[in-house]
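Visitor:
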Amino acid sequence: MSDPLPSLISLTLVLFLVLLNGFFVSAEIALVKVKSSRIDALAEEGHRNARYAQKILRNLDGYVSACQFGITLVSIGLGWIGERTISSLISPWFTGIGWSETAIHAVSLVIAFVLISIMHIVFGALAPKTVAVRKAERIALLSSAPLSVFYKIMFPFIWFVNGFSNTILRLFRMQPVVERNVHTEEELRDMMKESSEIGLIDNTEMTLVDNIFEFSDTTAREIMIPRTEMICLYNNLPMEENMKIASEGMRTRYPVCDEDKDHIIGFIHIKDLMRGHIRDQLSLIRPILAVPESIKISELLRRMQRSKTQIAILIDEYGGTSGLVTLEDIMEEIVGEIQDEFDEERPGIELVGEDEYSIDGLMLIEEINEQFGLDMETEDYDTIGGWLSSRLEVLHPHKGQFVMYGDYSFMIEETENKRISRIRLARQQQELLQEEAGA
């Protein structure tokens, strides 16, 4: 087989094409992954290559097409020159073994194809891609100037190919894909998790971001203070009685009922109530926001901001009062539990022994499932106390009653007005639990 180019020049050209392919691959990955804010900052500082990169990021779709066009041209050239070059270098090794020229040519082509493929994949694709992912900013800056020159030279061809491919897509009623550095919620969660694992962000920041993602999916019903836990003032009670209720409740705002909790006419701020010179109780009542219990807390927050209020009453599907939500309840969904100097509440989940926990009966079943890896149904009941009551099938639950679910036992620890207020959850055998309940 004769090669029009000397072997050394041909081999050098093959290596150059492999490296050129790596350039286009790494440039594409780096430009997609690099932070535009960082490039803008470097450009403002006068970094020359950053200005090139800044222009590229403003037309990212066009430059990604340029990279793809370059990769295609290089691959064609590598296939055309590479196999001939490598095959011509390998063929002399088989001349002395008695094979026919056709057999030698066939074997040489196969070996050449394998070697070129390995070089192309490893040095022209995988290695550059890995470097670009890890050093996106540096690669983007280094590649921006030569890529800009290539784009200007090849612009007519890139424009024609892009226009032709987009026309074909539109014939099939498909929209062309525009390259943008965007990520889905799941991808962002994965990136945050990886950053947390290697120490780039701490657990507090990870929790905040995770809570923000959950924020838009949470309903007011899930975070409300239930109707039975609401501390209310009553319009038909004397001022002194309501002041006594307020002083014992340690709250800032109190719903005001006309007859019962299904007839809430507004709320009173504790500051107004404690002003001794005002004796007209009705004049202290402010309008209260009423919303359906199914409303998302993100929407409820917007309504509170528009209404300039920090408390809202939740209405169930039958028009009755389901509970109430305060601005503090909503904020706690992002930043976690907020306790002031008057809060003496026990934590929702309290470790009391080895594999043994004391749980607030008002905790959501979803939270228990997530914490302990369970799969309790959440269709009929929201809270763990409600779930346990339904499993016990008793009208008056009392301390010591229990049910088993999977490897865990759920025992009533405390009750309050026929409601299960505290539950003892333990991973133990049913026989041991029966002995404890009968003691």
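The opening residue of the sequence shown carries number 893 in this note's numbering; numbering runs sequentially from there. All C-beta atoms, glycine included, are put in the ideal place defined by N, C-alpha and C. Here the structure is a predicted model, which means the values were calculated and not measured.
(1) Are the beta-carbon atoms of I1189 and I1115 separated by less than 8 Å?
(2) By a C-beta neighbour count over all protein chains shown, 10 Å radius and 16 as the cutoff for buried, is H1012 buried or exposed?
(3) For S1250, which three-state DSSP category applies?
(4) Let me know the alpha helix (DSSP H) ranges lying completely inside the stretch 1112-1155, each 4 residues or longer, listed in chain order.
(5) Between which two residues does the beta strand (DSSP E) carrying M1303 extend?
(6) Quick check: A922 and I931, are their CB atoms within less than 8 Å of each other?
(7) Using the DSSP secondary-structure output, state which residues sit across from H1161 in a beta bridge.
(8) Taking only three categories from DSSP, how would you classify D895?
(9) In the DSSP assignment, find the unbroken beta strand (DSSP E) run with V1053 in it and report its ends.
(10) How far does the beta strand (DSSP E) with R1178 in it extend, from its first residue to its last?
(11) With a CB to CB cut of under 6 Å and the five nearest residues on each side skipped, what residues in its chain are close to T1201?
(12) When the Cα atoms are used, what is the spatial distance from A1204 to I1276?
(13) Which term fits A1331, buried or exposed, when burial requires 16 or more other beta carbons within 10 angstroms of its beta carbon?
(14) Assign S1214 to one of three DSSP states: helix, strand, or coil.
(15) So, is V966 buried or exposed, given that buried needs 16 or more other C-beta atoms within 10 angstroms?
(16) Return the CA-CA distance between S929 and G1265, expressed in angstroms with no decimal places.
(17) Does the distance from the CB of I970 to the CB of V1053 come in under 8 Å?
(18) For E975, count neighbouring C-beta atoms within 10 Å of its own C-beta (all shown protein chains included) and say buried if the count is 16 or more, exposed if not.
(19) DSSP three-state label for L1266, please.
(20) Would you call the stretch 950-961 and the stretch 991-1002 touching, i.e. three or more CB-CB distances under 8 Å?
(21) Cα-Cα, which of N941, I1137, P1118 is closest to C1124?
(22) Ends of the beta strand (DSSP E) at S1009?
(23) Do the stretch 939-953 and the stretch 977-991 meet, that is, are 3 or more Cβ pairs less than 8 Å apart?
(24) If we ignore side chains and look at the alpha-carbon of each, how far apart do F916 and V956 end up?
(25) From the DSSP output, in three-state form, read off I1203 for me.
(26) Would you mind giving the Cβ-Cβ distance between S1035 and S918, rounded to the nearest angstrom? I have them listed as a contact below 8 Å.
(27) Cβ atoms of T977 and M909: under 8 Å apart, would you say?
(28) Taking E1269 as the reference, which of Y1297, L1243, V1286 has the closest Cα?
(29) Can you grab the Cα-Cα spacing for the pair I1177 / I1226, in whole Å?
(30) Could you give the distance in angstroms between the alpha-carbon of P1038 and the alpha-carbon of T1096?
(31) Evaluate Y1210 with the Cβ neighbour count: other Cβ atoms within 10 Å of its Cβ, from every protein chain shown; 16 or more gives buried, anything less gives exposed.
(32) Please work out which residues of its chain come closer than 8 Å, Cβ to Cβ, to I1003, disregarding the five sequence neighbours upstream and downstream, and give them in chain order.
(33) With a threshold of 8 Å on Cβ separation, who are the neighbours of A1318 within its own chain once the five nearest residues in sequence on each side are excluded?
(34) Taking DSSP as the reference, what is the three-state secondary structure of A1331?
(35) Going along the chain, which residues of its own chain have a beta-carbon closer than 8 Å to the beta-carbon of D1267, five neighbours each way excluded?
(36) Have a look at G1158 and D1150 and give me their C-alpha separation to the nearest angstrom.
Guide: Let me lay it out:
(1) Working through the sequence shown from its first residue, we reach residue 1189 at position 297. Working through the sequence shown from its first residue, we reach residue 1115 at position 223. Closer than 8 Å, so yes.
(2) Position 120 of the sequence shown, counted from the start, is the residue given in the question as residue 1012. That one is buried.
(3) For this step, residue 1250 is matched to residue 358 along the sequence shown. Looking at S1250 - three-state DSSP - the assignment turns out to be strand.
(4) 1112-1115, 1131-1141
(5) Working through the sequence shown from its first residue, we reach residue 1303 at position 411. M1303 -> beta strand (DSSP E) spans 1300-1308.
(6) The residue you call residue 922 lines up with position 30 of the sequence shown. The residue you call residue 931 lines up with position 39 of the sequence shown. Not closer than 8 Å, so no.
(7) The sequence position of residue 1161 within the sequence shown is 269, counting from 1. Its beta-bridge partners are R1145.
(8) What you label residue 895 is simply residue 3 of the sequence shown in a count that begins at 1. Confidence is the limiting factor: at D895 the pLDDT is only 48, short of 50, which leaves the residue's position unreliable, though a coordinate-based value still follows. In the structure shown, D895 sits in coil (DSSP, three-state: anything other than H, G, I, E or B).
(9) Along the sequence shown, read from residue 1 onward, the residue named residue 1053 stands at position 161. V1053 -> not in any beta strand (DSSP E); alpha helix (DSSP H) instead, spanning 1028-1063.
(10) Stepping through the sequence shown from its first residue, residue 1178 is reached at position 286. Segment: none, R1178 is in no beta strand (DSSP E) and carries neither H nor E.
(11) The residue labelled residue 1201 in the question sits at position 309 within the sequence shown. For T1201, where only same-chain residues beyond five positions count, the Cβ hits under 6 Å are L1181.
(12) As a first step, residue 1204 is located in the sequence shown; it is residue number 312 there, counting from the start. As a first step, residue 1276 is located in the sequence shown; it is residue number 384 there, counting from the start. So the alpha carbons of these two residues sit roughly 24 Å apart.
(13) On the sequence shown, residue 1331 is found 439 positions in, with the first residue counted as 1. Confidence at A1331 is low in this model, with a pLDDT of 49, below 50, so the placement of that residue is unreliable and no value is reported for it.
(14) Taking the first residue of the sequence shown as position 1, residue 1214 is located at position 322. Three-state result, S1214: strand.
(15) Locating residue 966 in the sequence shown gives position 74, counting from the first residue. Answer is buried; the Cβ neighbour count reaches 16.
(16) Looking up residue 929 in the sequence shown gives position 37. Looking up residue 1265 in the sequence shown gives position 373. Cα-Cα distance, rounded: 40 Å.
(17) Sequence index remark: in the sequence shown, residue 970 carries index 78 (1-based). Sequence index remark: in the sequence shown, residue 1053 carries index 161 (1-based). Reading off the sequence shown, one finds Leu at residue 970, where the question assumed Ile. Cβ distance not < 8 Å, so L970 and V1053 don't count as in contact.
(18) Within the sequence shown, the letter at position 83 stands for residue 975. It is buried - the Cβ of E975 has at least 16 other Cβ atoms within 10 Å.
(19) Taking the sequence shown and counting its residues from 1, one reaches residue 1266 at position 374. Three-state result, L1266: coil.
(20) no
(21) Position 232 of the sequence shown, counted from the start, is the residue given in the question as residue 1124. Out of N941, I1137, P1118, I1137 has the C-alpha closest to the C-alpha of C1124.
(22) The residue you call residue 1009 lines up with position 117 of the sequence shown. Premise fails: S1009 lies in the alpha helix (DSSP H), 993-1013, not in any beta strand (DSSP E).
(23) no
(24) As a first step, residue 916 is located in the sequence shown; it is residue number 24 there, counting from the start. As a first step, residue 956 is located in the sequence shown; it is residue number 64 there, counting from the start. Those two C-alpha atoms are separated by around 9 Å.
(25) Within the sequence shown, the letter at position 311 stands for residue 1203. Strand.
(26) Within the sequence shown, numbered from 1, the residue matching residue 1035 stands at position 143. Within the sequence shown, numbered from 1, the residue matching residue 918 stands at position 26. Sure, about 7 Å apart at Cβ, within 8 Å.
(27) Start at 1 with the first residue of the sequence shown, and residue 909 comes out as number 17. Start at 1 with the first residue of the sequence shown, and residue 977 comes out as number 85. Sequence inspection shows Leu at residue 909; the Met mentioned does not correspond to that position. Cβ distance not < 8 Å, so L909 and T977 don't count as in contact.
(28) Indexing the sequence shown from 1 puts residue 1269 at position 377. Nearest option by C-alpha distance: Y1297.
(29) The residue labelled residue 1177 in the question sits at position 285 within the sequence shown. The residue labelled residue 1226 in the question sits at position 334 within the sequence shown. Whole-angstrom Cα-Cα distance: 30 Å.
(30) Looking up residue 1038 in the sequence shown gives position 146. Looking up residue 1096 in the sequence shown gives position 204. Taking the straight line joining both Cα atoms gives about 43 Å.
(31) Here residue 1210 is taken as the residue at index 318 of the sequence shown, counted from 1. Exposed, because fewer than 16 other Cβ atoms sit within 10 Å of the Cβ of Y1210.
(32) Numbered from its first residue, the sequence shown carries residue 1003 at position 111. If we look at I1003 and ignore the five residues flanking it on each side, its Cβ neighbours are I978, S979, I982.
(33) To locate residue 1318, count along the sequence shown from 1; it is residue 426. Answer for A1318: G1245, D1247, E1248, Y1249, Y1300, S1301, M1303, L1325, listed in chain order.
(34) In the sequence shown, counting from the first residue as 1, residue 1331 sits at position 439. Low per-residue confidence applies at A1331: pLDDT is 49, beneath 50, and the placement is therefore not dependable, though the value from the model is reported in the following sentence. Note: A1331 maps to coil in three-state DSSP.
(35) Here residue 1267 refers to the residue found at position 375 when the sequence shown is read from its first residue. N1261.
(36) Locating residue 1158 in the sequence shown gives position 266, where the first residue counts as 1. Locating residue 1150 in the sequence shown gives position 258, where the first residue counts as 1. Each residue's Cα considered, the two are about 9 Å apart.
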